[in-house]
Every structure is written in structure tokens, then in C-alpha cells.
Amino acid sequence: MKKAFLVWVILLLTFSACSKLNKIRKSKDPLEKYQAAINYYEKKEYNNTLILLEEIEPLLRGKKEGEKAQFVVANCYYKLKQYEMASYNFKRFYETYPRSEWAEESLYFHAYALYNQSPESELDQTPTLSAIQSIQSYLNSYPQSKRIEEANGIIKELRSKLELKAYQNALLFYNTQNYKAAIQSLANFEKDYSDSDFIEEVSYKKFETEYNLARQSIVSKKIARFNEAIVFYEEYKYKYPNGKYLKDAKNLYESCLKQIEEIKKLDNPNKNNSENQSRTPNSQGNEK
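Reminder that position 93 of the sequence shown reads as 73 in my numbering, one-by-one numbering, no gaps.
Below is the structure:
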């Protein structure tokens, strides 16, 4: 019985609130709707705020209330975690009112809403790139901002996500034995993330992958690719003289040298035969 009464009270209050909102919506006075929307906003009733402001926003353009209305719309979307709409509306506000008291805040939360759309590292990172660019744009526009430390922290976090994505992509090519793509991805990672925690592993895997590519190549390409692998080995050894992969790298390096020598022998059978023949008469003469 008590539970049924509680449900009845909730339904009554909901109906009353809807009736009040509908009554305001029927008003012909945009300023009355505006004031009601602000009241809803202050009570954190963001959906009701949006309903009213989006009806009257075009009517408020050019008036002092129009500026606040547009900012409040953007902030309502942000509070409701509708980040795509929030980023769009914050950017629209900044472009419309670049000298507003809320201009800096709008540009920052445009970028922050993009940051909130950044997906896990396994997914496409286009939103992450957009967020980094927008936060950097904010820092360039407001170099003295009190949010500088926070903004730089976000950029660092997002770049770490891009780094992990690049590492995962390279590792995927490596693990699936797509050697050419792996070598290119590993080389790009070395160039773009030279201070990464993965950098030594990436350098070794680039050498190892070139070695494996050489082994599986047709004979006419083997020597060139083994030589390229040797170049990568020398780079690894120079950068990491005490590297944890150095023993394995040295074994592969020696295998490169051995296989190059074997290929050269196969490529010059006539030379080997002539050398054997030149030694035969002497041996026969001695026997005689």
C-alpha cells in the first residue's frame, strides 16, 4: 500500500512538472521562456532547459540574452554527457562570441568534449587527433590560462594513447608475418615515439623482421635484404650496447653473414669449379 502511494505521488509530480513545462512552451513571450529556461538550468534540469532554449534561441539573436542562451545550451549538452553536441555548440559559441566572458571556457570545453569522445586505443583514433589539435589550439590562444597544466596533462595522455595504438598496429603486422608492413610501421614508430618505453623492443623487432623477410625472399633479393637487416642490427647495437635483445640479435646477425656467404657460393659455381680444376693437375703431377 505504501509503495503504491509512493508511485502515485511520483506520477503526480511528474505530471505536474510536465504540465508546467508545457504551459511555459505555449507562451508567446521569448523572454519569459528564457527566464524559465535559466531557472531550470540553475536547478540542473538540463533537458527542460534545452527544450525551451532551442525553441527561442533564434529569436534571441542580437539580444544580450542570446549570448548566455547559446552558452547554456552548450553546457547543458556537456552536463548530459552528449559530448558530440557539446563540442559542436561550444565551438559555435566561441566563433560567434570570440570576445565573450565565456569565450575561453567555451574553447576549452570544446576541446574537453572532444577528449571525452576519444576511444580505447584498439579503435580508430581520429577523435583523439582532433582532441589534441583542439587542446593545442586552446593553449596557443590562451598561453596564460590557469588550465595550462591540466591541458598539457590531457595532451600527454592522448599522445600516450596514440603511441599505444601505433605499437599495437606494428605488433599486429609483426605477429601476422606481414613483414613489409611491419618494417614500415616499426620504422615509423621509432621516428614518431623515440622516447617510448617500447622503443628498444621496436628497434630489435625491426631488425628481426627484416631478417625474416630476407629469409623468405626470392634468391635475387636475399643478399640486399640480409644487408639491410645487418644495417638494422648495427643501429640496434649502437643504440643499445647492453640491450636485453643483444644476444638474440647477434645470433641473427651471424646467420645473415652465413647466408650471404652461401648465396655467393651458389652464384659463382664456375669460379669454384675452376679453382678446383686448377688444383687438380698439380695433385696429379705430384702423384706421378
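Quick reminder that beta carbons are idealized off the backbone N, C-alpha and C, glycines included.
Spatial neighbours of residue i in its chain, beta-carbon cut-off 8 Å, leaving aside the 5 residues before and after
{"i": "residue 210", "result": "233, 236, 237"}
{"i": "residue 99", "result": "105, 107, 108"}
{"i": "residue 131", "result": "88, 91, 115, 118, 119, 125"}
{"i": "residue 170", "result": "179, 182, 183, 186"}
{"i": "residue 69", "result": "50, 53, 54, 57"}
{"i": "residue 196", "result": "159"}
Sequence-distant residues of the same chain with beta carbon closer than 7 Å to residue i, five excluded per side
{"i": "residue 188", "result": "232"}
{"i": "residue 178", "result": "147"}
{"i": "residue 181", "result": "none"}
{"i": "residue 83", "result": "74, 77"}
{"i": "residue 58", "result": "66, 89, 93"}
{"i": "residue 243", "result": "199, 202, 203"}
{"i": "residue 192", "result": "159"}
{"i": "residue 145", "result": "101, 105"}
{"i": "residue 176", "result": "143"}
Short Cβ contact (8 Å threshold) for residue i with residue j
{"i": "residue 7", "j": "residue 0", "result": "no"}
{"i": "residue 33", "j": "residue 10", "result": "no"}
{"i": "residue 49", "j": "residue 37", "result": "yes"}
{"i": "residue 135", "j": "residue 163", "result": "no"}
{"i": "residue 215", "j": "residue 190", "result": "no"}
{"i": "residue 150", "j": "residue 166", "result": "yes"}
{"i": "residue 110", "j": "residue 141", "result": "no"}
{"i": "residue 113", "j": "residue 64", "result": "no"}
Spatial distance of residue i from residue j (CA atoms)
{"i": "residue 3", "j": "residue 71", "result": "32 Å"}
{"i": "residue 56", "j": "residue 227", "result": "59 Å"}
{"i": "residue 153", "j": "residue 161", "result": "6 Å"}
{"i": "residue 117", "j": "residue 213", "result": "41 Å"}
{"i": "residue 25", "j": "residue 156", "result": "52 Å"}
{"i": "residue 79", "j": "residue 127", "result": "18 Å"}
{"i": "residue 27", "j": "residue 19", "result": "12 Å"}
{"i": "residue 240", "j": "residue 246", "result": "10 Å"}
{"i": "residue 205", "j": "residue 230", "result": "17 Å"}
{"i": "residue 158", "j": "residue 81", "result": "54 Å"}
{"i": "residue 43", "j": "residue 129", "result": "36 Å"}
{"i": "residue 218", "j": "residue 224", "result": "13 Å"}
{"i": "residue 86", "j": "residue 168", "result": "35 Å"}
{"i": "residue 16", "j": "residue 60", "result": "19 Å"}
{"i": "residue 133", "j": "residue 62", "result": "23 Å"}
{"i": "residue 47", "j": "residue 123", "result": "25 Å"}
{"i": "residue 31", "j": "residue 5", "result": "9 Å"}
{"i": "residue 332", "j": "residue 103", "result": "Since the first residue of the chain shown is -19 and the last is 268, residue 332 is not available in this structure."}
{"i": "residue 121", "j": "residue 222", "result": "45 Å"}
Own chain residues within Cβ distance below 6 Å of residue i, not counting five before or after
{"i": "residue 67", "result": "90, 93, 94"}
{"i": "residue 21", "result": "29, 52"}
{"i": "residue 173", "result": "143"}
{"i": "residue 248", "result": "none"}
{"i": "residue 220", "result": "180"}
{"i": "residue 45", "result": "14"}
inquiry  = Threshold first: 3 residues or longer. Then list the beta strand (DSSP E) segments lying entirely within the region 56 to 115, N to C.
reply    = You should have found no qualifying run.
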